[in-house]
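Just so we're aligned: the sequence shown equals residues 145 to 380 in our numbering.
Ideal Cβ positions, reconstructed from N, Cα and C, are used throughout, including at glycine.
Just so we're clear, the structure is a prediction, and the values are computed from it rather than from any experiment.
Below is one structure, written out as structure tokens; the observations come after it.
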Amino acid sequence: MTTEELANEASAKDQQPTTPPPEISPSTATDDNGSGGPIILFFILGLAASLIVGWVIFPQLLYSQKKQPVDFNHALHNELVEDSCESCHFFREDGSYSGVPKLAQCIECHEEVNGEDPEEAKFVNAYVANNREVPWLIYSRQPQNVFFSHAAHVKMAEMDCVTCHGHIGESESLKVYEENRISGYSRDIWGRNIAGIKRNSWDRMKMDDCAECHRNEGVNQNSVQTLRGGCFVCHH
Ligand code: HEC
Ligand code: HEC
Ligand code: HEC
Ligand code: HEC
Ligand code: HEC
């Protein structure tokens with residue numbers, strides 16, 4: 145600053161002589177919070193911003209969302225059918241699993257629109273009337289090179305559907321299907337939690353999750369398959 149500027153500044157101050165000097169209360173005078181506060185605040189803001197990016201925005205970018213072609217109410221239908229789950233998801237004569245039901249299994253009750261529900265109308269008009277199968281999105285779909293057998297788990301090991309699928313079978317509505325943009329896997333396989341934390345057995349179904357249970361249960365420890373090579377139990 146030049147002396148002239150200093151002089152100007154001084155005179156500018158002189159022009160407001162009536163303004164009383166700010167009162168310094170005893171508490172602010174003793175509190176030395178001039179610099180620490182803002183630094184901590186910036187740290188917290190920065191942390192919050194990166195947490196939001198990491199936990200909210202990144203997962204949203206990582207997963208594309210698809211709605212099921214028709215919503216389906218499991219809870220409602222379980223009350224209406226005779227054999228509960230097995231009315232729609234059953235083992236065929238050869239031991240293979242029927243999986244997701246075909247149109248033929250719905251038609252006896254939905255030849256035409258019976259109720260008020262717009263999802264039923266959509267189902268009947270778009271699929272039943274045109275004799276077109278509903279392209280259901282399979283949350284648990286594994287890649288082609290993985291062999292999985294429901295008979296081994298449900299019949300032999302007497303496992304509950306919930307262990308691997310969670311509570312879809314009792315739900316009133318089908319959740320949104322989320323597909324990992326990089327791996328192409330469904331989120332049900334790749335994992336609900338971005339940090340990899342697993343609270344329930346159905347939160348994730350990657351190779352390690354299958355293998356972890358097989359290890360715990362001693363699957364194939366003594367069988368021919370183990371001697372031939374563990375990989376071929378699940379990869380054909
Ligand atoms: C009236 C027929 C019907 C009955 C009864 C029924 N389901 Fe379903 N279920 C469906 C249809 C349709 C889907 C297709 C939705 C989809 O793509 O997931 C489905 C999907 C599922 C899926 C998801 C598979 C996946 O990975 O996408 C599970 C798990 C399931 N059902 C379990 C059950 C259980 C457990 C019961 C008995 C408590 C049951 N279902 C009873 C019709 C039925
Ligand atoms: C035992 C008879 C029965 C069978 C089998 C059945 N439904 Fe239903 N469904 C009903 C009844 C009853 C309702 C409730 C009244 C209505 O909306 O028609 C209903 C409602 C619906 C609805 C509207 C409510 C909802 O779930 O979102 C849809 C969609 C539907 N059914 C699809 C299907 C599909 C797909 C299948 C075959 C996998 C099927 N239903 C098999 C009897 C049946
Ligand atoms: C040990 C885990 C496990 C158990 C227990 C299990 N599932 Fe599955 N389920 C899977 C896996 C893994 C797939 C995917 C298979 C694939 O993509 O080849 C699957 C696929 C399915 C599908 C979709 C199949 C298709 O391609 O249409 C349905 C429906 C289903 N399961 C229903 C059930 C029901 C109902 C039960 C209980 C009676 C059950 N599952 C028990 C692991 C399991
Ligand atoms: C919660 C436990 C559990 C999970 C999760 C599990 N399994 Fe299993 N699996 C078993 C048990 C127990 C058996 C043995 C069944 C029997 O033969 O008594 C078995 C058997 C098998 C078999 C038949 C092996 C043989 O020698 O006949 C295959 C294949 C298999 N599992 C694949 C898979 C795949 C793929 C996954 C993951 C998508 C998976 N399993 C997840 C418990 C599990
Ligand atoms: C208990 C069942 C099981 C066994 C045993 C197993 N796998 Fe897997 N493997 C899976 C499943 C399920 C997937 C798909 C999910 C994933 O990528 O984690 C997979 C995926 C893979 C992939 C990735 C394939 C892709 O398309 O991205 C490779 C590579 C692989 N396995 C190699 C092996 C090798 C090598 C062994 C033997 C040391 C082995 N697996 C044993 C279940 C198994």
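- Boundaries of the alpha helix (DSSP H) harbouring lysine 266: 262-267, taken from the DSSP string.
- With a contact defined as Cβ atoms closer than 8 Å, serine 284 and aspartate 332 qualify at about 6 Å.
- The beta carbon of isoleucine 282 sits closer than 7 Å to the beta carbons of Val244 from its chain, once the five residues preceding and following it are set aside; these are given in chain order.
- The beta carbons of leucine 318 and aspartate 215 sit closer together than 8 Å.
- Every residue with a CB closer than 7 Å to a heavy atom of ligand 3 is listed here in chain order: Cys229, His233, Tyr241, Gly243, Val244, Ile282, Ser284, Arg285, Gln286, Val290, Phe292, His294, His297, Val298, Met303, Asp304, Cys305, Thr307, Cys308, His309, Gly313 and Met349.
- When only Cα atoms are considered, glutamine 204 and arginine 325 end up about 10 Å apart.
- Taking a C-beta distance under 8 Å as the contact criterion, serine 330 and glutamate 322 qualify as a contact pair.
- The beta carbon of tryptophan 346 sits closer than 8 Å to those of Val306, Thr307, Cys308, His309, Gly310 and Asp332, all from its chain and outside the five residues before and after it, given in chain order.
- With the rule of 3 Cβ pairs closer than 8 Å, the stretch 350-367 does not count as touching the stretch 226-241.
- For serine 194 and phenylalanine 267, the gap between their C-alpha atoms comes out near 43 Å.
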